[in-house]
Amino acid sequence: MRYSRFLAPTLRDDPADAEVISHKLLLRAGFIRRVTSGVYDFLPMGLRVLRKIEQVVREEMNRAGAQELLLPMVQPVELWKKSKRWEKYGPELLRFTDRHDHESCLGPTHEEVICDLVSRELRSYKQLPMNLYQIQSKFRDEIRPRFGLMRGREFIMKDAYSFHADEDCLATEYQNMFKAYNRIFTRLGLKFRPVEADTGSIGGSASHEFHVLAESGEDLIAHCAKCEYAANVEMSESSRTIPTGEAGDITGVDTPNITSAEDVASFLNADSAQLVKTLIYRITGGPNGGEIVAACLRGDDQLQEIKLIRALGADTVEMASDDEIKSVGGVTGFVGPVGLSCKHLFDDTLKNATGLIAGANKRDMHLTGLDMDRDEASAVFADLRQTREGDHCPKCDGTIDLSRGIEVGHIFALGTCYSDPMEVQFQNREGKRTTATMGCYGIGVSRLMAAIVEQCNDENGIAWPAHMAPFQLSIITMGKSDTGLEASEKIYQELLDAGIEVLWDDRKERPGVKFKDAELMGIPVHLVVGDRGLENGIVEIRRRNEEKKEVQLGQILPAVQDLLDGSFA
RNA sequence: CGGGAUGUAGCGCAGCCUGGUAGCGCAUCUGGUUUGGGACCAGAGGGCCGGGGGUUCGAAUCCCUCCAUCCCGACCA
């Protein structure tokens, strides 16, 4: 490709509204442009990288025995009503009505459509197992799109769906996909970690997320420093050492205008772990919607809302208003479990605890000497607290570290939660109609592009792993004499004929501009053709950010191939 | 949807407080000089100052309102 004819508009300054490095660099290097909130153009340069990522994903999925197909983006209301998700999915599902007054939606995921297809074609257990995947645009009307490609509303996803005659077969395929995902992210040159995950709104039994480790990640990952244990903090189990409190009688103490756990603890000269923090929530979705509940934790722990939601069997929860707190007998700032009329859940760390301090549900007063076994004998316990750095690993005697991660893949063992309502059935060996068991497996392809940049960048721009770069090599023609252009053209043709992806910077720009752009775009090998070298029959070649080497004109191809091979090491 | 910030040329910004009819750098176009790491000189094009309403003789500037964008929270690949 000749740069003078190529749409690759680079910017000298970071766009002001880009926050994370991948967003800045992808905009600056001319890979993407924003069209509207959470929706992007992929320019020629960006598409080249996207295609390479897709190709790695495709190769590994095929190798793992999955088969590619392509499902529609527009999906009819009937399928979503059948799965009950037309009601459940919420505003992220973009719905619209066509000229015939028929309701449809843009696919945020494809369980409905694939189940519909498979239910019509599947007859016998002999056709199973079957794993079908596609690489396609998805649309989710996200509340807050951000960070460029990291969280778009329209994005490109690889989604795979497997169908099985029984749970054992699903478990085997789940492991197969787990391994395939490890190969994919390894080939993409990423530092990543598979973690145990919440099954979330998709539903199902087992689930792992694959996280690229990066400071800009939106998720928190708890992982053991010693063993393989790793989990999203939304569900990570861990324990902590807690000082035991002195047993005693319940006593009311004045705590004028002192409300926060830390302030009460220091006022009473106690450890904030001895405080019971009581948070009042309203269940906002699910069968028990509207109910007010209390969650009680150690004063120095944070509530993990996802855990609360799971413990309650709710869909969503919200912090209760002051009026709602009052309605269950609480006083904002001085809420405690004693005397609250709503259902309350205690964190596991409060089991058998003695000498606790809690709000008295009276203004300016707390209770001391609370004893769980004596005063809350019928308490219901659950794991509600968020894992903290330094906690004990649930699997070994190691300690837990926290890292930020970008979720780039997610695999689910679904069971029959979709195939059942969607009636994906087959005849088993005994001739009986049986519902297929399912798994589903997603990779955020466009998000991966951003994640790679998050890990692979330096002060000069994007440092693509060589096999992900938009071009393998850039010819940088110096000066303005015709000899330089003519020599460059010959070299360009020679390299193209050898099957090398070449960007020839034939623009009438000064050398500095060309170097800066090639480095910004992350092209791994630069070939510099200048009058000075040509007089002596040589050109210069070098890898991005490395020392240059001189090469005889006749030796260019082998030298280039040598450097390119080296780039894969 | 809550909290915070910002909207002025393709990109980055100044001007706003203290109203007088829009400017700088980069980019673009023309001519010239340059040419081994984001050149220089001269000239040019490009703006309903986010939209609407108000105050005023006069609004980018003050007031109201809507919209958009970005950041922090709930969602997710």
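Here the first sequence is numbered in the numbering used here, starting from 248 and rising by one per residue.
Cβ atoms here follow ideal geometry from the backbone N, Cα and C, with glycine treated the same way.
Note that this is a predicted model, so its numbers are computed, not measured.
If we count the other Cβ atoms within 10 Å of its Cβ and call it buried at 16 or more, is serine 284 buried or exposed?
exposed
Do alanine 710 and glycine 759 have their beta-carbon atoms positioned less than 8 Å apart in this structure?
no
Within a Cβ cutoff of 6 Å, which residues of the same chain sit near alanine 734, ignoring the five residues on either side of it in sequence?
Val776 and Leu781
Do you know how far the Cα of glutamate 359 is from the Cα of glutamate 325?
10 Å
Rounded to a whole number of angstroms, what is the C-alpha to C-alpha distance between leucine 631 and leucine 467?
CA-to-CA, the gap between leucine 631 and leucine 467 works out to about 16 Å.
To the nearest angstrom, how far is the alpha carbon of serine 269 from that of glutamate 677?
55 Å
Quick check: the region 649 to 666 against the region 488 to 507, are there 3 or more CB pairs under 8 Å?
no
Select from Leu774, Gly746, Ala716 and His714 the residue whose C-alpha is nearest the C-alpha of glycine 731.
Of the listed residues, the one whose Cα sits closest to glycine 731 is Leu774.
Ignoring anything shorter than 4 residues or poking outside the region 553 to 585, list the alpha helix (DSSP H) runs there in chain order.
569 to 574
CB-CB under 8 Å to serine 728, same chain, minus the five flanking residues each way: which ones, in chain order?
Asp778, listed in sequence order.
Rounded to whole angstroms, what's the CA-CA distance from arginine 310 to lysine 426? Just pull it up for me.
11 Å
Starting from valine 324 and walking both ways along the alpha helix (DSSP H), at which residues does that stretch end?
324 to 329
How should glutamine 551 be labelled, buried or exposed, when 16 other C-beta atoms within 10 angstroms of its C-beta is the threshold for buried?
buried
Can you say whether valine 321 is buried or exposed, counting buried as having 16 or more other CB atoms within 10 angstroms of its CB?
exposed
For glutamate 605 and serine 454, what's the separation of their Cα atoms in angstroms?
According to the sequence provided, residue 605 is alanine. The question's glutamate does not apply to it. Going from the Cα of alanine 605 to the Cα of serine 454 covers about 37 Å.
Out of curiosity, what's the CA-to-CA distance linking threonine 827 and glutamine 381?
A query on residue 827 cannot be resolved here, the shown segment of the chain reaching from 248 to 816 and no further.
Between the alpha carbons of proline 392 and valine 655, how many angstroms are there, rounded?
16 Å
So, with DSSP's three-state summary, where would you put threonine 488?
coil
Can you find the residues in the same chain that come closer than 8 Å, C-beta to C-beta, to glycine 602, ignoring five residues on each side of it along the sequence?
By the criterion of a C-beta distance shorter than 8 Å, glycine 602 is surrounded in its chain by Thr491, Gly492, Glu493, Ala494, Gly495, Gln521, Thr615, Gly616, Leu617 and Asp618, once the five residues flanking it on both sides are discounted.
I'd like to check one pair, leucine 379 with isoleucine 361: are the Cβ atoms closer than 8 Å?
yes
Once the 5 residues before and after leucine 597 are set aside, which same chain residues still bring their CB inside 8 Å of it?
Val523, Cys543, Leu544, Arg545, Leu603, Met619, Ala626 and Phe628
Does the region 695 to 711 come into contact with the region 392 to 403, if we say contact requires no fewer than three beta-carbon pairs (one atom in each stretch) closer than 8 Å?
yes
If you draw a straight line from the alpha carbon of serine 371 to that of cysteine 352, how long is it in whole angstroms?
31 Å
Exposed or buried, which one is glutamine 702 when buried takes at least 16 other CB atoms within 10 Å?
buried
May I have the straight-line CA-CA distance separating alanine 821 from valine 296, to the nearest angstrom?
Beyond the ends of the chain as shown, which are 248 and 816, falls residue 821; an answer cannot be given.
Considering only C-alpha positions, which residue in the set Ser452, Cys474, Arg440 and Cys471 is nearest to histidine 458?
Arg440
When burial is assigned at 16 or more other CB atoms within 10 Å of the CB, is phenylalanine 402 buried or exposed?
buried
What do you get for arginine 387, buried or exposed, if any count of 16 or more other CB atoms within 10 angstroms of its CB means buried?
buried
Looking only at its chain, what residues have a beta carbon closer than 6 Å to the beta carbon of alanine 816, apart from the 5 residues adjacent to it on each side?
Since pLDDT at alanine 816 reaches only 43, below the 50 mark, its modelled position is unreliable, and no value is offered.
Alpha carbon to alpha carbon, how far is tyrosine 336 from phenylalanine 514? Give it in angstroms, no decimals.
If you draw a straight line from the Cα of phenylalanine 514 to the Cα of tyrosine 336, it is about 47 Å long.
Could you check which residue in Val540, Thr684, Ala276 and Lys573 has the C-alpha nearest to that of cysteine 589?
Val540
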